[in-house]
Amino acid sequence: MSSDSQQPRPPEGATTETTALLLCGARLMDGRTVDVRLSGGRIEAVGTPGSLGGHGARVDLAGYLLLPAPAEPHAHADTALSADAPGPVSYATEDVQRRATEAALLQLGHGATALRAHVRIGDVQGLASLEAVLQARRSLRGLADLTAVAVPRLLTGVAGADGLAMLRDAVKMGASVVGGCPDVDPDPAGYAEAVLEVAAEHGCPVDLHTDGDDPARLVRLAAMAGGLRPGVAIGPCGALTRLPEDAQARVADRLAAAGVTVMCLPQGGCGGTEVRAVPPVRLLRAAGVRIAAGSGALRDLANPVGRGDPLEAAFLLVSQGGLRPAEAYGAVSGAAREAMGLPAVRVEAGFPAELLAVRGERLAGVLSLAYSRIVVHRGRVVARTSAVREYCDSAAALELPRQGRPDARP
């Protein structure tokens with residue numbers, strides 16, 4: 045099988061606001077085949093094939109399933125693509141910016157038109173890695189929306205004073221989410237309280253790393269986070285699966301009541317946590333907890349084979365977590381966007397034109413074999429991946445299906 049990918053350019057002089065695009069013959073999840081007209085970065089109309097006139101570019105989506113685009117709610121841009129570095133990983137500004145940009149484009153090719161990147165601050169790097177990721181965000185404008193989460197190491201005691209000051213500086217610099225790893229601080233509750241305080245000061249969302257192995261700590265976090273706007277997310281919470289079922293249920297009820305989102309990482313975790321496992325997603329969903337799924341580590345020291353593919357995350361939520369395909373895809377699309385504070389996307393008139401077309405007819409099938417993809421961001425095609433599989437000539441001589449034929453001959 046061979047494949048290649050590219051970012052198609054819009055017509056000369058075209059802009060997101062003025063260019064119309066007609067997606068022809070796409071199949072929707074409800075089985076309908078439709079044409080979809082995009083204009084001004086939004087879906088202008090959805091109709092039966094051939095019913096939508098107008099000028100502008102056309103994209104033939106016959107044989108493709110058209111979906112709301114996934115989002116990437118948990119990436120690590122500063123460490124991405126560093127697993128093969130010859131020697132110590134470089135955190136020079138230009139190297140971090142290059143890795144962050146390349147990683148975002150890789151994930152965009154998979155379909156993620158919006159990304160939330162966790163970036164470590166403090167220690168030797170100070171705010172340099174954050175500045176590099178913010179530069180990458182600027183260079184990606186028009187292709188994908190990238191937001192940064194500031195992740196300090198310590199926030200309590202004498203050693204945490206500098207981290208707390210740097211967290212505030214990071215928000216002023218442009219980090220739009222505050223996060224971190226309470227589990228590695230000597231005072232996890234104090235760490236979480238400090239993050240929530242900074243978030244309340246600046247009106248920022250919160251996104252914290254935790255294994256979720258201490259139910260009492262999670263209950264305290266839920267109590268502190270309850271009602272905080274614009275919202276609190278925790279993840280990947282893989283250790284929740286190790287707790288007794290009654291403890292899981294109590295934690296789930298508290299998280300649901302507080303409106304806390306659980307960000308799971310089915311593809312292998314990240315450097316901010318130790319436990320690699322999918323939390324009890326069915327139990328959490330049943331309790332009313334919003335479940336979003338991200339990629340976590342992308343070919344760094346925490347996971348040297350990370351793919352950063354939202355559809356693989358959804359596949360794993362089905363095969364390992366027991367979710368139905370539509371529920372799993374919702375975790376990487378609608379729930380991920382909602383957790384990131386982004387507007388909802390549906391293939392209906394008036395919604396943002398953030399779309400992913402995948403070759404296939406049914407959602408379960410495209411989660412299994414999602415090779416060819418076309419990605420639409422703000423109303424224009426920004427990435428296209430095509431795949432062709434070829435067999436040698438002798439394959440044509442096979443009289444398939446062979447198994448089970450009563451007259452089969454060796």
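Residue numbering for the sequence shown follows the working numbering, beginning at 45 and increasing consecutively.
Glycine included, every Cβ here is placed at the ideal spot set by N, Cα and C.
It should be emphasised that the depicted structure is a prediction, and the values quoted were computed from it without experimental measurement.
The alpha helix (DSSP H) that contains residue i, what's its start and end?
i    : result
M268 : P259 to A269
V376 : P369 to V376
R142 : T137 to H154
L82  : Segment T77 to S83 is the beta strand (DSSP E) holding L82; no alpha helix (DSSP H) there.
A238 : P232 to H246
Q364 : Per DSSP, Q364 belongs to no alpha helix (DSSP H) and is neither H nor E.
V215 : G201 to M217
L125 : That residue, L125, is in no alpha helix (DSSP H); it is neither H nor E in DSSP.
L455 : The requested residue 455 does not occur in the structure, where the chain is confined to residues 45 to 454.
S95  : Careful: S95 lies outside any alpha helix (DSSP H) and carries neither H nor E.
L198 : Per DSSP, L198 belongs to no alpha helix (DSSP H) and is neither H nor E.
V410 : L407 to S412
Between the C-alpha atoms of residue i and residue j, what's the straight-line distance to the nearest angstrom?
i    : j    : result
D104 : L65  : 11 angstroms
G315 : A341 : 7 angstroms
A283 : D189 : 31 angstroms
S46  : L149 : Annotation note: pLDDT 38 at S46 (below 50); position unreliable, coordinate value reported separately. C-alpha separation (whole angstroms): 20 angstroms.
C436 : E146 : 35 angstroms
V455 : A244 : One cannot answer for residue 455 here, as it falls past the ends of the chain, which runs 45 to 454.
G352 : S126 : 14 angstroms
G247 : L272 : 9 angstroms
L82  : F395 : 10 angstroms
A293 : E382 : 24 angstroms
A321 : A115 : 21 angstroms
V263 : A269 : 10 angstroms
M135 : A172 : Looking at the sequence itself, residue 135 is Tyr, so the reference to Met does not match. The straight-line gap from Cα to Cα measures roughly 8 angstroms.
P31  : R433 : Only positions 45 to 454 of the chain appear in the structure, and residue 31 is not among them; the question remains open.
P450 : D290 : Low confidence applies to P450: its pLDDT is 47, below 50, so where it sits in the model is not reliable enough to give any reading.
Y415 : G107 : 13 angstroms
E371 : V202 : 45 angstroms
L400 : R343 : 24 angstroms
G73  : L208 : The residue you asked about is not Gly; residue 73 is Met in the sequence shown. The alpha-carbon atoms of M73 and L208 are separated by roughly 46 angstroms.
G204 : P230 : 10 angstroms
R390 : G84  : 16 angstroms
L159 : L287 : 31 angstroms
P310 : A124 : 17 angstroms
E88  : G155 : 21 angstroms
L96  : R406 : 24 angstroms
L111 : G256 : 32 angstroms
V180 : H120 : Correcting the residue identity first, residue 180 is Ala in this sequence and not Val. Cα-Cα distance, rounded: 13 angstroms.
V239 : I335 : 22 angstroms
T305 : P259 : 16 angstroms
L361 : P117 : 15 angstroms
P130 : V349 : 17 angstroms
G69  : S339 : 31 angstroms
D227 : G313 : 15 angstroms
DSSP puts residue i in a beta bridge; with which residues?
i    : result
T305 : A277
L400 : L111 and V419
R160 : T191
E116 : L159
L65  : L82 and A101
L252 : G224 and I278
R4   : Absent from the model: residue 4. The displayed extent of the chain is 45 to 454, so no value can be given.
With residue i as the anchor, note down where its beta strand (DSSP E) starts and where it stops.
i    : result
V426 : R424 to V432
A89  : R86 to G91
Could you give the C-beta distance for residue i and residue j, rounded to a whole number, given that I count them as a contact under 8 angstroms?
i    : j    : result
G279 : H253 : 7 angstroms
A337 : C308 : 5 angstroms
A397 : R86  : 5 angstroms
R368 : T63  : Contact doesn't hold; Cβ gap of about 37 angstroms is too wide.
V78  : A393 : In fact, because the Cβ distance is near 11 angstroms, the residues do not count as touching under 8 angstroms.
A101 : V140 : Not a contact, Cβ separation roughly 36 angstroms.
V242 : L211 : 6 angstroms
A330 : A358 : About 19 angstroms separates the two Cβ atoms, so there is no contact after all.
A161 : A192 : 6 angstroms
R197 : G166 : 5 angstroms
A427 : G153 : 5 angstroms
V222 : A194 : 6 angstroms
P232 : R185 : With 8 angstroms as the limit, P232 and R185 do not qualify as a contact, their Cβ atoms being about 37 angstroms apart.
V276 : V295 : Not a contact, Cβ separation roughly 14 angstroms.
Does any C-beta atom of chain D lie closer than 8 angstroms to the C-beta of residue i?
i    : result
V163 : The chain labelled as chain D is not found in the depicted structure, where only one protein chain is given.
**Item:** Ranges of the beta strand (DSSP E) found wholly within the segment 306-360, counting only runs of at least 3
**Value:** 335-337
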